[in-house]
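Okay, structure first, notes after.
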Amino acid sequence: MQFAYDLHNYDLSGGPGWVTTDHYDIVAASPAATTDAQSALMLRQLLAERFGLALHRETKEVSGCRLVTEKVDGRLREPKAAGHGLLLGRNPTSGQRTLHGNSAKIADLA
(Lines of atoms letter the chains of each structure in order from A and count residues from 1; the text may use other names and numbers.)
(Lines give C-alpha, C1' and ligand atoms only; values in the text may rest on other atoms or scores of the structure.)
Protein backbone atom coordinates (compact mmCIF):
# COMPACT_ATOMS: atom_id res chain seq x y z
CA MET A 1 0.00 0.00 0.00
CA GLN A 2 2.90 2.32 0.69
CA PHE A 3 4.24 2.03 -2.85
CA ALA A 4 0.81 2.06 -4.49
CA TYR A 5 -0.26 5.28 -2.76
CA ASP A 6 3.18 6.90 -2.17
CA LEU A 7 2.84 6.74 1.62
CA HIS A 8 5.11 6.35 4.61
CA ASN A 9 4.35 3.87 7.37
CA TYR A 10 3.20 6.69 9.65
CA ASP A 11 0.74 7.93 6.99
CA LEU A 12 -1.48 4.88 7.41
CA SER A 13 -4.13 4.76 10.11
CA GLY A 14 -7.27 2.81 10.77
CA GLY A 15 -8.32 -0.30 8.92
CA PRO A 16 -8.97 -3.81 10.17
CA GLY A 17 -6.50 -5.48 12.52
CA TRP A 18 -5.06 -7.73 9.83
CA VAL A 19 -3.61 -4.70 8.00
CA THR A 20 -0.63 -4.67 10.36
CA THR A 21 -0.32 -8.42 10.99
CA ASP A 22 -1.05 -10.30 7.74
CA HIS A 23 1.49 -10.29 4.93
CA TYR A 24 1.03 -11.22 1.28
CA ASP A 25 3.44 -11.85 -1.57
CA ILE A 26 2.11 -10.32 -4.77
CA VAL A 27 3.82 -11.57 -7.89
CA ALA A 28 2.97 -9.55 -10.98
CA ALA A 29 4.67 -8.60 -14.22
CA SER A 30 4.53 -5.40 -16.23
CA PRO A 31 6.13 -4.23 -19.48
CA ALA A 32 9.78 -3.23 -19.22
CA ALA A 33 9.05 0.42 -20.08
CA THR A 34 6.54 0.81 -17.22
CA THR A 35 7.26 3.84 -15.02
CA ASP A 36 6.93 3.83 -11.23
CA ALA A 37 3.79 5.97 -11.52
CA GLN A 38 2.22 3.47 -13.91
CA SER A 39 3.24 0.55 -11.67
CA ALA A 40 1.67 2.27 -8.67
CA LEU A 41 -1.58 2.80 -10.59
CA MET A 42 -1.65 -0.86 -11.64
CA LEU A 43 -1.00 -1.93 -8.04
CA ARG A 44 -3.84 0.30 -6.77
CA GLN A 45 -6.17 -1.38 -9.26
CA LEU A 46 -4.96 -4.84 -8.23
CA LEU A 47 -5.48 -4.08 -4.52
CA ALA A 48 -9.00 -2.84 -5.19
CA GLU A 49 -9.99 -5.75 -7.46
CA ARG A 50 -8.32 -8.69 -5.69
CA PHE A 51 -8.38 -7.57 -2.05
CA GLY A 52 -11.41 -5.25 -2.07
CA LEU A 53 -9.25 -2.43 -0.75
CA ALA A 54 -11.19 0.79 -0.31
CA LEU A 55 -9.67 3.85 1.32
CA HIS A 56 -10.07 7.55 1.76
CA ARG A 57 -7.61 10.34 2.38
CA GLU A 58 -7.95 12.84 5.17
CA THR A 59 -5.87 15.59 6.67
CA LYS A 60 -5.14 15.51 10.36
CA GLU A 61 -2.86 17.34 12.75
CA VAL A 62 -0.04 15.39 14.33
CA SER A 63 2.80 16.31 16.63
CA GLY A 64 6.18 16.47 15.00
CA CYS A 65 9.54 18.14 14.72
CA ARG A 66 11.69 19.21 11.84
CA LEU A 67 15.33 20.15 11.76
CA VAL A 68 16.00 23.02 9.38
CA THR A 69 18.92 25.27 8.66
CA GLU A 70 18.76 28.92 7.71
CA LYS A 71 21.65 28.52 5.30
CA VAL A 72 20.67 29.17 1.70
CA ASP A 73 22.31 26.00 0.41
CA GLY A 74 20.99 23.86 3.31
CA ARG A 75 24.40 22.79 4.58
CA LEU A 76 25.55 22.98 8.19
CA ARG A 77 28.94 24.56 8.76
CA GLU A 78 31.41 24.93 11.57
CA PRO A 79 30.58 28.06 13.61
CA LYS A 80 32.82 31.09 13.11
CA ALA A 81 32.33 32.30 16.68
CA ALA A 82 30.90 31.05 19.96
CA GLY A 83 27.12 31.29 20.06
CA HIS A 84 24.40 31.11 22.63
CA GLY A 85 23.70 27.38 22.30
CA LEU A 86 20.05 26.35 22.34
CA LEU A 87 17.10 28.62 23.13
CA LEU A 88 13.58 27.39 23.77
CA GLY A 89 10.73 29.66 22.71
CA ARG A 90 7.05 29.82 21.86
CA ASN A 91 5.43 31.67 18.98
CA PRO A 92 2.93 34.05 20.62
CA THR A 93 0.57 33.90 17.64
CA SER A 94 0.38 30.17 16.95
CA GLY A 95 1.53 28.80 20.30
CA GLN A 96 4.04 26.64 18.40
CA ARG A 97 7.12 25.77 20.45
CA THR A 98 10.49 26.47 18.89
CA LEU A 99 14.07 25.56 19.61
CA HIS A 100 16.72 27.78 18.07
CA GLY A 101 20.39 26.98 18.01
CA ASN A 102 23.39 29.17 17.25
CA SER A 103 26.71 27.37 17.38
CA ALA A 104 24.93 24.63 19.32
CA LYS A 105 26.41 21.17 19.76
CA ILE A 106 24.54 18.25 18.22
CA ALA A 107 24.95 16.40 21.54
CA ASP A 108 23.05 19.23 23.28
CA LEU A 109 20.30 18.99 20.70
CA ALA A 110 19.99 15.23 21.19
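Residue 163, in this note's numbering, is where the sequence shown stops; the numbers in between run on with no holes. Ideal Cβ placement from N, Cα and C applies to all residues, glycine included.
Residue 144 is not bridged by DSSP to any residue. In the structure shown, residue 60 falls within a coil segment according to DSSP collapsed to helix, strand and coil. Excluding sequence positions up to five before and after residue 154, its CB lies within less than 6 Å of the CB of 139, all in the same chain and listed in chain order. The three-state reading of DSSP puts residue 70 in helix, counting H, G and I together. From the listed residues 64, 162, 131, 161, the smallest Cα separation to residue 109 is found for 64. Residues of the same chain with a CB within less than 8 Å of the CB of residue 163, apart from the 5 flanking positions on each side, do not exist. For residue 108, the secondary structure class from DSSP, reduced to helix, strand or coil, is coil. Rounded to whole angstroms, residue 93 and residue 148 show a C-alpha spacing of 39 Å.
Residues 143 of the same chain have their beta carbon placed closer than 6 Å to that of residue 150, with the five preceding and five following residues left out of the count.
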